[in-house]
Every structure is written in C-alpha cells, then in structure tokens.
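Using full-length UniProt numbering, you'd call the opening residue of the sequence shown number 1 and step up by one each time. Built from N, CA and C at the ideal position, the CB exists for glycine as well. Computed from a predicted structure; not experimentally measured.
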Amino acid sequence: MAIRLDKQGGHRGAYEKNKKIIFKTQNTCGICGRAVDFSIKTPDPLSAVIDHIIPVSKGGHPSDIENLQLAHWTCNRQKSDKLFISPQEEPKVLGNRNLPQTINWVEYKG
C-alpha cells in the first residue's frame, strides 16, 4: 500500500503548515456544518481532522489550502473518498420568464 502524498515528501510540509492555519481560522465542520470542539482529542469521533474537499484519490491536490477543510473525524470517515457537493442556491434575480403567474388564464372567463 502506497503512502499518501500529504503524508510524505514535498507535500508533507505544506500540508502541516496549512493544517495549522485551518485549525486557527476555522471552527465548523465543512461536511456537517456543526461546531468543532478542539478540546476533544483523537480517537474520539468528534475530534478535529483535516478533510480533502476533492479527495487525493480523485485528483485533488494533497496540500493546497483551497482543497483542505476542517471536519469531525466521523464526518470525514463517512465521506471517505466521495465527492461532497453542497446544494446550489436558487438564483437571486428572477427573469421575466420565470415569474409566478398572477392569473390562471386557462380558467379565465372574461
């Protein structure tokens, strides 16, 4: 079994540096959205870990801070190497083609 790129070689230093930055600047799990308690230590399922947003096995960068997020250990294990895509927001501006109908013209008797 090969050692992961974030655990060896040139990426190791960058990964550890970015891990420290994330631990200092983030406080919610990027997967479930709940607060992460840094006083809880491993092997507790709610301990803080770093998750690769795009898994390394799916082509994600092993140490780029844009590909790393804070997560609970259990959330990260459940996500595994899946791609997690958050739901897209509805458009803020409605175009004139998708405005709600004010009159049902099929039933209109004028």
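* Please report the residue range of the alpha helix (DSSP H) in which residue 11 lies. => Start at 1 with the first residue of the sequence shown, and residue 11 comes out as number 11. Per DSSP, residue 11 belongs to the alpha helix (DSSP H) from 9 to 25.
* To do: Can you tell me the Cβ-Cβ gap for residue 63 and residue 18, rounded? I've got them flagged as a contact below 8 Å.
  => Stepping through the sequence shown from its first residue, residue 63 is reached at position 63. Stepping through the sequence shown from its first residue, residue 18 is reached at position 18. Yes, they are in contact, since the Cβ atoms of residue 63 and residue 18 sit about 6 Å apart, within 8 Å.
* Asked: Taking residue 81 as the reference, which of 69, 70, 45, 54 has the closest Cα?
  -> The sequence position of residue 81 within the sequence shown is 81, counting from 1. Checking every option, the nearest Cα to that of residue 81 belongs to 54.
* Could you round the C-beta distance between residue 50 and residue 21 to whole angstroms and report it? I think they count as a contact, below 8 Å. => Along the sequence shown, read from residue 1 onward, the residue named residue 50 stands at position 50. Along the sequence shown, read from residue 1 onward, the residue named residue 21 stands at position 21. Wrong, their Cβ atoms sit about 10 Å apart, outside the cutoff.
* Asked: Based on the DSSP output, what are the partners of residue 49 in its beta bridges?
  -> Walking along the sequence shown from the start, residue 49 turns up at place 49. For residue 49, which the question treats as bridged, DSSP gives the partners 71.
* **Residues bridged to residue 42 (per DSSP)** => As a working note, residue 42 is residue 42 in the sequence shown. Residue 42 is not bridged to any residue.
* Within its chain, find whatever has a CB closer than 7 Å to the CB of residue 84; leave out the 5 residues flanking it on each side and keep chain order. => Counted from its first residue, the sequence shown places residue 84 at position 84. So the list reads 31, once near-sequence residues are dropped.
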